[in-house]
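Participant: Quick one: this structure, given as structure tokens, is what I'll be asking you about.
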Amino acid sequence: MFKTKYVEKVYTDLVAKNKNETEFLQAALEILESLEPYVQKHPELEQKKLLERFLEPERFVQFKVVWTDDKGEFQVNRGYRVQYNSAIGPYKGGIRFHPSVNASIIKFLGLEQTLKNSLTSLPMGGGKGGSDFDPKGKSDTEIMRFCQSFMTELYRHIGPDTDVPAGDIGVGAREVAYMFGQYKRIKNEFTGVLTGKGLSFGGSLARKEATGYGLCYFTNEALKTLLNTDFNGKTVVVSGSGNVAIYANQKATQLGGKVVAMSDSNGYVYDPNGIDLDVIKQIKEVERGRISEYANRVKGAEYHEGSKNIWNVKCDIALPCATQNELDLDAAKTLVKNGVIAVCEGANMPSTLEAAKYFVENKVVFGPAKAANAGGVATSGLEMTQNSNRLSWSFEEVDAKLQGIMVNIFKNAHAKAVEQGNKFDLITGANIAGFEKVCDAMLAQGI
Ligand code: NDP
Numbered sequence: 057m058f059k060t061k062y063v064e065k066v067y068t069d070l071v072a073k074n075k076n077e078t079e080f081l082q083a084a085l086e087i088l089e090s091l092e093p094y095v096q097k098h099p100e101l102e103q104k105k106l107l108e109r110f111l112e113p114e115r116f117v118q119f120k121v122v123w124t125d126d127k128g129e130f131q132v133n134r135g136y137r138v139q140y141n142s143a144i145g146p147y148k149g150g151i152r153f154h155p156s157v158n159a160s161i162i163k164f165l166g167l168e169q170t171l172k173n174s175l176t177s178l179p180m181g182g183g184k185g186g187s188d189f190d191p192k193g194k195s196d197t198e199i200m201r202f203c204q205s206f207m208t209e210l211y212r213h214i215g216p217d218t219d220v221p222a223g224d225i226g227v228g229a230r231e232v233a234y235m236f237g238q239y240k241r242i243k244n245e246f247t248g249v250l251t252g253k254g255l256s257f258g259g260s261l262a263r264k265e266a267t268g269y270g271l272c273y274f275t276n277e278a279l280k281t282l283l284n285t286d287f288n289g290k291t292v293v294v295s296g297s298g299n300v301a302i303y304a305n306q307k308a309t310q311l312g313g314k315v316v317a318m319s320d321s322n323g324y325v326y327d328p329n330g331i332d333l334d335v336i337k338q339i340k341e342v343e344r345g346r347i348s349e350y351a352n353r354v355k356g357a358e359y360h361e362g363s364k365n366i367w368n369v370k371c372d373i374a375l376p377c378a379t380q381n382e383l384d385l386d387a388a389k390t391l392v393k394n395g396v397i398a399v400c401e402g403a404n405m406p407s408t409l410e411a412a413k414y415f416v417e418n419k420v421v422f423g424p425a426k427a428a429n430a431g432g433v434a435t436s437g438l439e440m441t442q443n444s445n446r447l448s449w450s451f452e453e454v455d456a457k458l459q460g461i462m463v464n465i466f467k468n469a470h471a472k473a474v475e476q477g478n479k480f481d482l483i484t485g486a487n488i489a490g491f492e493k494v495c496d497a498m499l500a501q502g503i
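Okay, here's the thing in structure tokens:
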């Protein structure tokens, strides 16, 4: 697996210490494999135990969240915040509410976030948080009470110069607003302690669209550089139908692509005429319903059970935007057999290690999450700047900055990939480009 004894030992020790944390170990393995050539060139990293220090979170908080449902019954959930690395700025990363959330998932997300934030070139360290709370089927007042209880513990660990959370799966504008309100109430302070806020209280224009738009800016730049083509006239499949997926669909369509399939955790819809995004937005954003409803409302559309089957739909460009490990080796083989030319990750770690390697081996333009979906956190960084300066920029201004950042991320990852001898290996490229800055800062700051 590894050529270097040092890297092998780091990984073996990590496995021994974190035995059951499969997602965390998966993310760490991918990063360590990519960093090996860099580590070989920099023997001081071993002397100073840099990899061990990088992989160990600075702080990991677990807490209980007790709240009452609409029937007045007590409910208990588990909350988490990992403050992974603050070498280059305050901890920054989203909060996820989903029943699958556990320590392993929070740690994998925090580790990835550290490199992603570094890639944006903005001064943000890595963090992540969440709860095993399931927002599905909960009333608005239950969501509010849960968010307030969650923040009643979290507030003591965060702050605008310490740790700035945002949204993720199950946490959108509504949840961020309830958490922000509770923080303000407890601290008697109006600060930019969360990003993804509503526009009337310090949110940034284009933050809602940023991850999906950024993903398409990255993909377009990669297509131009590596294959001398772009979105125009391409058939696109986008998994998921949440925040990232919806705005990835919107931008892919604006750039001339045709999105023919989208999904949720139950199944996917196929619409040969191109998905009508207004219908998806009505179902998912307004009604908070199931995607199967799309086929009842749009003529010619089909619904199929099983979200993973979305990868059987023939397409030129695939944008996985739902969740981790949603695209495995079998799916990767099907996509390649069907002629896919680009797979760029809107979700975090949606491709298994084997699937990601298969894409790179087959010269598919593969945009790893930490590079391709960094537009959301980059725009959160821009929201922090606007909050600190007490001003707000226009949509066009933010969007232009986002576009510049995404093009730069691609260029930096691509340059490192070329340096390592394979221009299609943006996994290695992104990991080295992100790590270099964090590593320099850690070395400079001593222990
Ligand atoms: P949302 O909650 O808005 O949407 C999540 C979507 O993924 C829904 O369609 C959901 O379906 C689907 N989904 C969730 N879990 C599963 C599962 N186990 N299997 C299949 N589908 C599932 O989240 P976001 O759009 O914000 O996040 C999506 C991904 O993008 C995540 O990996 C997140 O970490 C990543 N990301 C998000 C950023 C952001 O700015 N929001 C920034 C960078 C990355 P259902 O409705 O059935 O639950």
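Numbering (our numbering), first residue to last: 57 to 503.
We put the CB at the ideal spot given by N, CA and C, even for glycine.
This one's a predicted model, so the numbers in the text were calculated from it and none came from an experiment.
Over what stretch of residues does the beta strand (DSSP E) that includes Ile-331 continue unbroken?
Facilitator: Stepping through the sequence shown from its first residue, residue 331 is reached at position 275. Here Ile-331 belongs to no beta strand (DSSP E), and DSSP marks it neither H nor E.
Participant: Considering just the uninterrupted stretch of the beta strand (DSSP E) at Val-138, what are its terminal residues?
Facilitator: As a first step, residue 138 is located in the sequence shown; it is residue number 82 there, counting from the start. Note, Val-138: beta strand (DSSP E), 130–141.
Participant: Report all residues from its chain with a CB closer than 7 Å to the CB of Leu-178; omit the five preceding and five following residues, and keep chain order.
Facilitator: Position 122 of the sequence shown, counted from the start, is the residue given in the question as residue 178. Result list for Leu-178: Ala-434, Gly-437, in chain order.
Participant: If you measure from the CB of Asn-418, is any heavy atom of the ligand NDP nearer than 6 Å?
Facilitator: Residue numbering aside, residue 418 sits at position 362 when the sequence shown is read from its first letter. No; taking the cut-off as 6 Å, the Cβ of Asn-418 has no heavy atom of the ligand NDP nearer than that.
Participant: Just to check, is the beta-carbon of Asp-320 closer than 6 Å to a non-hydrogen atom of the ligand ADP?
Facilitator: Within the structure as shown, the ligand ADP is missing, the only ligands being the ligand NDP.
Participant: Evaluate Pro-99 with the Cβ neighbour count: other Cβ atoms within 10 Å of its Cβ, from every protein chain shown; 16 or more gives buried, anything less gives exposed.
Facilitator: Within the sequence shown, the letter at position 43 stands for residue 99. Exposed: under 16 other Cβ atoms inside 10 Å.
Participant: With distances taken between CB atoms, is the gap from Asn-288 to Gly-312 smaller than 7 Å?
Facilitator: By one-based count along the sequence shown, residue 288 stands at place 232. By one-based count along the sequence shown, residue 312 stands at place 256. It is a contact, given that the beta carbons lie within the stated cut-off.
Participant: With DSSP as the reference, please indicate the residues paired to Lys-120 in a beta bridge.
Facilitator: Walking along the sequence shown from the start, residue 120 turns up at place 64. Arg-134.
Participant: Which residue from Leu-255, Lys-337, Cys-400 puts its Cα closest to that of Lys-426?
Facilitator: Here residue 426 refers to the residue found at position 370 when the sequence shown is read from its first residue. Comparing Cα positions, the closest option is Cys-400.
Participant: Just to check, is the beta-carbon of Ala-378 closer than 6 Å to a non-hydrogen atom of the ligand NDP?
Facilitator: Along the sequence shown, read from residue 1 onward, the residue named residue 378 stands at position 322. It does: the Cβ of Ala-378 is within 6 Å (strictly closer) of some heavy atom of the ligand NDP.
Participant: In this structure, does DSSP put Leu-419 in helix, strand or coil?
Facilitator: For the purposes of this step, residue 419 is taken as the residue at position 363 of the sequence shown. Looking at the sequence provided, one finds Lys at residue 419 rather than Leu. Reduced to three states, the DSSP call for Lys-419 is coil.
Participant: Along the chain, where does the alpha helix (DSSP H) that runs through Ala-83 open and close?
Facilitator: On the sequence shown, position 27 is the one that residue 83 refers to. Note, Ala-83: alpha helix (DSSP H), 78–97.
Participant: Rounded to a whole number of angstroms, what is the C-alpha to C-alpha distance between Pro-146 and Lys-493?
Facilitator: Here residue 146 corresponds to residue number 90 of the sequence shown, with the count starting at 1. Here residue 493 corresponds to residue number 437 of the sequence shown, with the count starting at 1. Going from the Cα of Pro-146 to the Cα of Lys-493 covers about 15 Å.
Participant: Determine whether the beta carbon atoms of Asp-219 and Gly-183 lie at a separation below 7 Å.
Facilitator: Locating residue 219 in the sequence shown gives position 163, counting from the first residue. Locating residue 183 in the sequence shown gives position 127, counting from the first residue. Contact flag set, yes.
Participant: So within the segment 175–245, which uninterrupted alpha helix (DSSP H) runs reach at least 4 residues, ignoring any that extend past its ends?
Facilitator: List check, alpha helix (DSSP H) in window: 196–210, 229–243.
Participant: So what does DSSP say about Cys-400, is it helix, strand or coil?
Facilitator: Against the sequence shown, residue 400 aligns to sequence position 344. The answer is strand: DSSP assigns Cys-400 an E or B state.
Participant: Count the other C-beta atoms from every protein chain shown that fall within 10 angstroms of the C-beta of Asp-481, then say buried if there are 16 or more, exposed otherwise.
Facilitator: Position 425 of the sequence shown, counted from the start, is the residue given in the question as residue 481. So Asp-481 counts as buried.
Participant: For the 8 Å Cβ check, are there 3 or more pairs between the segment 155–172 and the segment 70–80?
Facilitator: The answer is yes - the segment 70–80 touches the segment 155–172, with three or more Cβ pairs under 8 Å.
Participant: Please state whether the Cβ-Cβ distance between Asn-87 and Asn-418 is less than 7 Å.
Facilitator: Sequence index remark: in the sequence shown, residue 87 carries index 31 (1-based). Sequence index remark: in the sequence shown, residue 418 carries index 362 (1-based). Per the sequence shown, residue 87 should be read as Ile rather than Asn. No, they are not a contact pair.
Participant: Taking Ser-319 as part of the beta strand (DSSP E), name the residues at either end of that continuous run.
Facilitator: One-based indexing of the sequence shown puts residue 319 at position 263. Here the beta strand (DSSP E) through Ser-319 covers 314–319.
Participant: Exposed or buried, Lys-97, counting other C-beta atoms within 10 Å across all chains shown (16 or more means buried)?
Facilitator: The residue given as residue 97 occupies position 41 in the sequence shown. The residue in question, Lys-97, is exposed, as its Cβ has fewer than 16 Cβ neighbours within 10 Å.
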